[in-house]
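Have a look at the structure below before the remarks.
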């Protein structure tokens, strides 16, 4: 699974996660730091959640059966591994930087 597939999966399960957690759309949107309109768009599968929202869902709702079932009981681990691999993939080789004196 890559970042995009995880975002799609969490987006597809977002309504179930919200309902299982007992929140209405306004409450869930507030918890995730997004507008209700954006949440509705994700729940209706008109758009997918961004990476930040995906991480927030996995961090804030790891106890839900929906998320645990979809991510084999390891939502936090999966997100953490993906985030770290993303950073490692983007690392540039070390280059020495010349110090410039401040005057």
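Residue numbers (the working numbering): 568 to 670. Here a beta-carbon is modelled for each residue, glycine too, at the ideal position from N, C-alpha and C.
Near residue i, which residues of its chain fall below 6 Å by C-beta distance, leaving aside the five closest residues on each side in sequence?
{"i": "residue 587", "result": "631, 633"}
Drop a sphere of 10 angstroms on the beta-carbon of residue i, count the other beta-carbons inside from all chains shown, and report buried for 16 or more, exposed for fewer.
{"i": "residue 666", "result": "Residue placement at residue 666 is poorly supported in this model, since its pLDDT is 48, which falls under 50; the coordinates are not used for a value here."}
{"i": "residue 595", "result": "buried"}
{"i": "residue 621", "result": "buried"}
{"i": "residue 649", "result": "buried"}
{"i": "residue 572", "result": "exposed"}
Tell me which same chain residues have a C-beta within less than 8 Å of the C-beta of residue i, skipping the five on either side of it?
{"i": "residue 575", "result": "615"}
{"i": "residue 593", "result": "603"}
Report the option in the options whose CA atom is closest to the CA atom of residue i.
{"i": "residue 585", "options": "571, 613, 606, 646", "result": "606"}
{"i": "residue 601", "options": "589, 623, 613, 611", "result": "623"}
{"i": "residue 628", "options": "589, 610, 593", "result": "589"}
{"i": "residue 643", "options": "608, 651, 625", "result": "625"}
Ignore the nearest five residues each way along the sequence and tell me which others in residue i's own chain have a CB closer than 7 Å to its CB.
{"i": "residue 647", "result": "none"}
If we count Cβ pairs, one from each stretch, closer than 8 Å, do we get three or more for the stretch 572–588 versus the stretch 636–648?
Verdict: yes, contact present.
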